[in-house]
Amino acid sequence: MADTSEAYRARAAVERANADAATLDNVRDRCRRAEHAWTEMAERAERTTEQRLIREAATVRRSETLAHD
């Protein structure tokens, strides 16, 4: 998933550059909206990965506890 969030952040950077280079207001606005959407997707992917790692660690701890009982 880290690769995915990195790809999303790369797309956001491309859209930011496109917005900075745009001469038309509507194009600049569209690029800014796209940048925002890509950034949100990256943040969501990162939160999902973090939560998955937390759940996996908790599962391992429970398994180890049960194995020692």
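Going left to right, the sequence shown walks through residues -1 to 67 as our numbering numbers them. Where is the CB? At the ideal position from N, CA and C, for every residue including glycine. It should be emphasised that the depicted structure is a prediction, and the values quoted were computed from it without experimental measurement.
{"Check": "Within 8 Å, strictly: CB atoms of Y6 and A56", "Outcome": "no"}
{"Check": "The region 4 to 23 in contact with the region 31 to 48 per 3-pair CB rule at 8 Å", "Outcome": "yes"}
{"Check": "Local conformation of L22 per DSSP, three classes", "Outcome": "coil"}
{"Check": "Alpha carbon of V65 to alpha carbon of I52, nearest angstrom", "Outcome": "One point to set straight first is that residue 65 is Ala, not Val, in the sequence displayed. Going by the C-alpha atoms only, they are around 20 Å apart."}
{"Check": "Cβ-based neighbour list, C29, same chain, cut-off 7 Å, excluding 5 preceding and 5 following", "Outcome": "E13, N16, A17, A20"}
{"Check": "CA-to-CA distance, T2 to R49, given in whole angstroms", "Outcome": "According to the sequence displayed, residue 49 carries Gln and not Arg. The alpha-carbon atoms of Q49 and T2 are separated by roughly 16 Å."}
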